[in-house]
Every structure is written in structure tokens, then in C-alpha cells.
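Student: Once you've had a glance at the structure underneath, I'll fire off some questions.
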Amino acid sequence: MPDKKIKEKKTIPDGLKTPKGMHDILPGEEVWWDKLYRAAEKISEFYGFHKIETPILEQASLFERAVGEDTDIVQKEMYIVKTKGGDVLALRPECTAPVARAFIEHSLGKSSPLQKLWYSGPMFRYENPQAGRFRQFHQIGFETIGGPNDPMYDAQIIITTQRFLEELKIKNLNLKINSIGCRVCRPIYKRQLQTYYKPHLKQLCADCNRRYATNPLRLLDCKNEKCQPFKEKVPNFFDKLCTTCSTHLKTVLEYMDELKIPYSLDNQLVRGLDYYSRTVFEFYVEGDGMNLGAVAGGGRYDYLLEALGGRPTPGVGAALGSERLIEVMKAQGATPQLRVPRKVFMIHVGEQAKKKSLGIIEELRRGNISVTEALSRESLKAQLKMADREGAPLALILGQKEIFENSIIIRDLKNSLQENVPLERLVEEIKKRLK
RNA sequence: GUGGCCUUGGUGUAGCGGUAGCACAAGAGUUUGUGGCACUCUUAGCACGGGUUCGAUUCCCGUAGGUCACCCCA
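If you use this note's numbering, the first sequence corresponds to residues 352 to 786, in order.
Set out below in C-alpha cells:
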């Protein structure tokens, strides 16, 4: 029986574990997240994006309206929270809608007609986890809202995303671009698709039959074998784009060439969020074991603001999956952010020295010198070993003799030279050596 | 939501129907106040629940988690 009790203590009960698809980010991972966030901050600053933070919870109807009632995200992947007051809230599944909401709610367009915003934070989607797919995951995103409806912004969002990926040294990138048309040409194309598919409905899979009615564009990215033969003669969307849209796409592509960004046109690229219009794009990483899906994706959303009750305002945005980026960096052998070692390691010998060390450490920290210690260790050896492992350049050694002389030893751990200095000159002596 | 595979100390891994080895990591030490190497010792484990069995970590079932595929996406 006592055996059993020990067991119970060791294993955390299932009921207390992290929920499925959600993970702790432990201190060992810090170096990767650090690298990611530093890059994000650097790129945002360079490209003139300002950070915005929106609540984790929003009214569920925000996403229904923005992302679309018919989408998988809204239909089956949202975490819904009912408050005691009767509000229906959702854990945000993405962040473009909240950013657009904030733009309207705070009339950001009034202070400056073009807003360049970026965000970073957790998103939530209730789906089955697998590699690169979690129920709580993190995104970093860039949005430009407002200004004229100019393909230049599409290009700028893409180059920003591209530069961010480069900053992270991510290789083997593949950029896919497509246009899904506008209010004018998309409905026409949808009808053409329906006309094309109608005679074949009985031979199509169940999903496609549903898509036929709800979202004909998705017929294009069905992967069911049954449906493949019919794709060959599908009317090509590029031919059906209205003049405005095809000019828009052409210009975006010209800018890509100008910026020397390689891309591939993919007329089957249809994103699962309804707010997109015209340009849509995704970045993939090619290579073995890189089945993470898109590492970044985005597009233009000219009708989103309007759909949320704002004035008609164009926008373009991109989102990157933080966990996927880190996965790719690891897989491609990138080096994580270096931890900055603390400058000096305080070592004591004996009870009296231990007590006195406390004060010295505080004095150093106030002198803006970072200090580590292992005051709980007693042996000098063990403490030096720790100092070595921490990578501190200097160790301070305080023992009976030093206390008596009112001095302290500064040991250079790189070349093993040490010197005894008066305690009152400690801060300046350290600073001299750290230069 | 459906289906396949997986689950051994902190980490990575052996193993067998009779309760477990190894490596790394961690801690202590190799005499008296000096680290990185080496050596010694120590700590620590069969995901959870049930069944078959004299006995299960090993076989069977279920649950959970992970992973892969479909779907969709970051």
C-alpha cells in the first residue's frame, strides 16, 4: 500500500495535466522564442510597424462576421465561453479580425489614414493536434489598414514577411500567390464553377457536394481522388478575373519581380477565411520532414472593415506561426539566441562570508553589475564549478582571510589569474576588468 | 470528428511472463581555501485504469497524451 501512495505522488493525475494540444514553454525553449521575438521587433521597427495588443477574448460574433460563418474555423474550431452575464465570447482563433475591430473602434484611421500594425500572441483553435498544429499556438502578424487600394501594400506585406523569414535564416522558402477576385468577378466565377461541376455532382465526394453549395471555391483544393479528374478542365480563374483584379495581380507580381522575390502562381490556393479578396499568399518550407503546412499566410481584405461596420477601408496582412517557425529553425540547424551570461559569480567560504556575500551582491547589482551565486553550496569547488558552467567571466571569492583584511579575490575564469583587491574598490575593479 | 502507429528515470535509449540495465544530465566526494578533464558514489523510471495469470513493465481491453493521415490551417 505505501508503494501505491508514492506512485500517486509522482505522477500528475490526468485531470491536472495541460489540456490536449496545449503546452508549457519551458526555460530551455526560451532561447528560441527570444530569437523569434528579437527578429520580429527588429523587422517591425525597420519596416515601420507599431505593436498592437488586443484581448484574448472577443465577442464570438466578431469572428462569425469577419472570418465567415461557413468556415471551419468558426464552425468547428472556436472555443466559446459563455459569461455569467450572458455574453458569448470566443478565444481568438486569429488576430486580423480583432485588429480590424480595434481600428474601427478607436478610429485609428483618423489619426493617420494608413496604419501599419503588428501583433504577437496566443491563438486558439479546437482541432486535433499533430506536428506543427496545436490548440493553443502563437502567431506573429503584420497588418496595413487604410490608405489607397494600392498593390504596393500587398508587395510590402509580402516583403516584410519574407525579410522576417530571412532574418530567422529560414531556407528553402516557397511563396505561393493567387488572386481570388473581388465582389464583381468572384461571384461570376463561383457561378461558372457551379455550372461546370453541376453535371458531375454524383461523382464527387460528400465534402465537395457540401462545398458546391456553401463555398464553391473550395472545390478547387479538394484532395479526394474521386474529384481529381474533374479539376483538369476547371475554368481557370486567371482568365475570369475582372480587369481591375487582373491588373492588381499583375502589378503585385511585377513588384515581386522588382524586389527579386521568387514566387509561384498557384490558382488552387484558396484560403479558409472569408474576408480575403484579391491577393492571397502562403509561404511554405520545402524539405524532408517539413510537413508543417504553411509557415506564414495572408492576403488582402478589402471588405473586412466594412463587414464589421466600419467605413470601406482596404487592408492587407500576414500571419506567421511561431511554433512552426521554431520547428523549422531547429530542423534547419539554426543556432538559438545566446544566453547572456551574468558578469560575475560570487563565491563564499564559510558561514561568515556567506552572510557578508549577501550585502556585496546587492551592492554590485546596484552598481549595475549582474551577479549570480550559489550561496546554498558550501564547498569552494562546487561553487567554482557552477561559475564555470554559468559562463561567468569573473568569480569573486570571499573567505575568512579576506573578511579579516577587508578585501576580496577577483578571479578571471578565462585565464585563471586572480588578484586580491580592497573591498571598497570592488565595483571599479570589476568594471575595469569587464571592459 | 474518423483511422494507423507510439508511450520505460529529468533527457535519450536497452530489455524480459518472475518488478529493470546503459549513456547524458543532476547531487556528493577524490583530505585540509580554487573550476573546465578523469575516477568513485548517490538520487531517479516501466503514462493511467481494468482483465488474463501463481505472478505483468512485458499479453489483451479501455482511457489519456503524443504522432501520422484525412479535413483545414499558422
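Beta carbons: idealized from backbone N, C-alpha and C, even for Gly.
What is the DSSP secondary structure of Leu524, counted as helix, strand or coil?
Tutor: In the first sequence, residue 524 corresponds to position 173, counting from 1. DSSP places Leu524 in strand when its eight states are reduced to three.
Student: Helix, strand or coil: which one does DSSP assign to Gln688?
Tutor: Counting from 1 along the first sequence, the entry for residue 688 is found at position 337. Three-state DSSP puts Gln688 in coil, outside helix and strand.
Student: Counting Cβ pairs, one atom from each stretch, are 3 or more of them under 8 Å apart for the stretch 493-508 and the stretch 584-593?
Tutor: No, the stretch 493-508 is not in contact with the stretch 584-593.
Student: Does the beta-carbon of Lys433 have 16 or more other beta-carbons within 10 angstroms, so that it is buried, or is it exposed?
Tutor: Taking the first sequence and counting its residues from 1, the one referred to as residue 433 is at position 82. Exposed, because fewer than 16 other Cβ atoms sit within 10 Å of the Cβ of Lys433.
Student: Can you tell me whether Lys541 is helix, strand or coil according to DSSP?
Tutor: Walking along the first sequence from the start, residue 541 turns up at place 190. Three-state DSSP puts Lys541 in a helix.
Student: Whole-angstrom Cβ separation of Ala448 and Leu408, contact assumed at under 8 Å?
Tutor: Walking along the first sequence from the start, residue 448 turns up at place 97. Walking along the first sequence from the start, residue 408 turns up at place 57. That belief does not hold up - the Cβ atoms of Ala448 and Leu408 are roughly 13 Å apart, past 8 Å.
Student: Beta-carbon separation of Ile424 and Gly623 under 8 Å?
Tutor: In the first sequence, counting from the first residue as 1, residue 424 sits at position 73. In the first sequence, counting from the first residue as 1, residue 623 sits at position 272. Yes, these two residues count as a Cβ contact at 8 Å.
Student: What residue range does the alpha helix (DSSP H) around Gly460 cover?
Tutor: On the first sequence, residue 460 is found 109 positions in, with the first residue counted as 1. Counting along the chain, the alpha helix (DSSP H) containing Gly460 begins and ends at 459-462.
Student: Between Ile711, Phe589, Ile759, which lies nearest to Leu600 when the distance is taken from Cα to Cα?
Tutor: Here residue 600 refers to the residue found at position 249 when the first sequence is read from its first residue. The residue with the shortest Cα to Cα distance from Leu600 is Phe589.
Student: Leaving aside the five residues before and after Ala658 along the sequence, list all residues of the same chain whose C-beta is less than 8 Å from its C-beta, in chain order.
Tutor: What you label residue 658 is simply residue 307 of the first sequence in a count that begins at 1. Correct list, in chain order: Arg416, Ala417, Tyr626.
Student: Is Asn766 near the ligand PLP - that is, is its Cβ less than 7 Å away from at least one heavy atom of it?
Tutor: Absence of the ligand PLP from the depicted structure is noted, as is the absence of any ligand whatsoever, leaving it without description.
Student: Near Glu518, which residues of its chain fall below 7 Å by C-beta distance, leaving aside the five closest residues on each side in sequence?
Tutor: Taking the first sequence and counting its residues from 1, the one referred to as residue 518 is at position 167. Taken in chain order, the residues that qualify are Ala390, Lys393, Ile394.
Student: Give the straight-line distance between the Cα atoms of Met500 and Ile712, rounded to the nearest whole angstrom.
Tutor: On the first sequence, position 149 is the one that residue 500 refers to. On the first sequence, position 361 is the one that residue 712 refers to. The question names Met, but residue 500 is Asn in the sequence shown. Distance between the alpha carbons of Asn500 and Ile712: 59 Å.
Student: Restricting to runs no shorter than 4 residues, where is the alpha helix (DSSP H) found entirely within the stretch 637-670?
Tutor: For the stretch 637-670, whole alpha helix (DSSP H) runs of length 4 or above, ordered along the chain, are 655-658.
Student: Comparing C-alpha positions only, which one of Ile748, Ile528, Gln481, Gly638 sits nearest to Asp608?
Tutor: If you number the first sequence from 1, residue 608 lands on position 257. The shortest C-alpha separation from Asp608 is found at Ile528.
Student: Give the secondary structure of Leu726 by DSSP, where H, G and I count as helix, E and B as strand, and everything else as coil.
Tutor: Here residue 726 corresponds to residue number 375 of the first sequence, with the count starting at 1. Looking at Leu726 - three-state DSSP - the assignment turns out to be coil, as it is neither helix nor strand.
Student: Assign Leu555 to one of three DSSP states: helix, strand, or coil.
Tutor: Translated into the one-based positions of the first sequence, residue 555 becomes position 204. DSSP places Leu555 in coil when its eight states are reduced to three.
Student: Considering only residues of the same chain and omitting the five flanking positions on each side of Thr594, which have a CB-CB separation below 7 Å?
Tutor: Working through the first sequence from its first residue, we reach residue 594 at position 243. The answer is none, since no qualifying residue turns up.
Student: Which two residues bound the contiguous beta strand (DSSP E) that contains Ser758?
Tutor: As a first step, residue 758 is located in the first sequence; it is residue number 407 there, counting from the start. From DSSP, the beta strand (DSSP E) with Ser758 extends over 758-763.
Student: Measuring CA to CA, which of Gln751, Gln554, Asn523, Ala564 is closest to Lys707?
Tutor: Walking along the first sequence from the start, residue 707 turns up at place 356. Per the Cα distances, Gln751.
Student: Please state whether DSSP places Arg484 in a helix, a strand or coil.
Tutor: Locating residue 484 in the first sequence gives position 133, where the first residue counts as 1. It is a strand residue.
Student: Have a look at Gln513 and Arg569 and give me their C-alpha separation to the nearest angstrom.
Tutor: If you number the first sequence from 1, residue 513 lands on position 162. If you number the first sequence from 1, residue 569 lands on position 218. Each residue's alpha carbon lies about 27 Å from the other.
Student: What does a CB cutoff of less than 6 Å around Tyr470 pick up in its chain, not counting 5 residues either side in sequence?
Tutor: Your numbering for residue 470 matches position 119 in the first sequence. Ile403, Cys446, Gly492, listed in sequence order.
Student: What are the start and end residues of the alpha helix (DSSP H) that includes Lys704?
Tutor: By one-based count along the first sequence, residue 704 stands at place 353. One point to set straight first is that residue 704 is Ala, not Lys, in the sequence displayed. Residues 702-717.
Student: In angstroms with no decimal places, state the Cα-to-Cα distance between Lys355 and Pro364.
Tutor: In the first sequence, counting from the first residue as 1, residue 355 sits at position 4. In the first sequence, counting from the first residue as 1, residue 364 sits at position 13. Low confidence applies to Lys355: its pLDDT is 35, below 50, so where it sits in the model is not reliable enough to give any reading.
Student: Please classify Phe397 as buried or exposed, where buried requires at least 16 other C-beta atoms within 10 Å of its C-beta.
Tutor: Against the first sequence, residue 397 aligns to sequence position 46. Answer is exposed; the Cβ neighbour count stays below 16.
Student: Could you give the residue range of the beta strand (DSSP E) that holds Glu770?
Tutor: Within the first sequence, the letter at position 419 stands for residue 770. Taken as a continuous stretch (DSSP letters only), the beta strand (DSSP E) holding Glu770 covers 768-773.
Student: Taking the runs of the alpha helix (DSSP H) that are 4 residues or longer, which of them lie wholly in the stretch 490-521?
Tutor: List check, alpha helix (DSSP H) in window: 502-518.
Student: How many angstroms separate the CA atom of Lys541 from the CA atom of Pro567?
Tutor: Along the first sequence, one-based indexing puts residue 541 at 190. Along the first sequence, one-based indexing puts residue 567 at 216. Rounded to whole angstroms, Lys541 to Pro567 spans 6 Å at the Cα level.
Student: Cβ of Asn525 within 8 Å of Cβ of Glu637?
Tutor: Locating residue 525 in the first sequence gives position 174, counting from the first residue. Locating residue 637 in the first sequence gives position 286, counting from the first residue. For Asn525 and Glu637, yes; Cβs fall inside 8 Å.
Student: How close, in whole Å, do the beta carbons of Lys705 and Leu726 come, if the pair is a contact with beta carbons under 8 Å?
Tutor: Here residue 705 is taken as the residue at index 354 of the first sequence, counted from 1. Here residue 726 is taken as the residue at index 375 of the first sequence, counted from 1. Contact holds; Cβ gap of about 6 Å.
Student: My understanding is that Gly644 touches Leu656, with C-beta atoms under 8 Å, so please give their C-beta distance in whole angstroms.
Tutor: Along the first sequence, read from residue 1 onward, the residue named residue 644 stands at position 293. Along the first sequence, read from residue 1 onward, the residue named residue 656 stands at position 305. Contact doesn't hold; Cβ gap of about 28 Å is too wide.
Student: Between Phe475, Asp421, Ser758, which has its C-alpha nearest Lys443's C-alpha?
Tutor: For the purposes of this step, residue 443 is taken as residue 92 along the first sequence, with counting starting at 1. At residue 443 the sequence reads Arg, which differs from the Lys that was named. Per the Cα distances, Phe475.
Student: Report the option in Glu633, Ile376, Gly742 whose CA atom is closest to the CA atom of Met697.
Tutor: By 1-based counting over the first sequence, the position of residue 697 is 346. Among Glu633, Ile376, Gly742, the Cα nearest to that of Met697 belongs to Gly742.
Student: Pull up the distance between the alpha-carbon of Glu359 and that of Glu380, whole angstroms please.
Tutor: Start at 1 with the first residue of the first sequence, and residue 359 comes out as number 8. Start at 1 with the first residue of the first sequence, and residue 380 comes out as number 29. The predicted position of Glu359 is uncertain, since its pLDDT is 40 and thus under 50; a value taken from the coordinates is nonetheless stated next. Whole-angstrom Cα-Cα distance: 29 Å.
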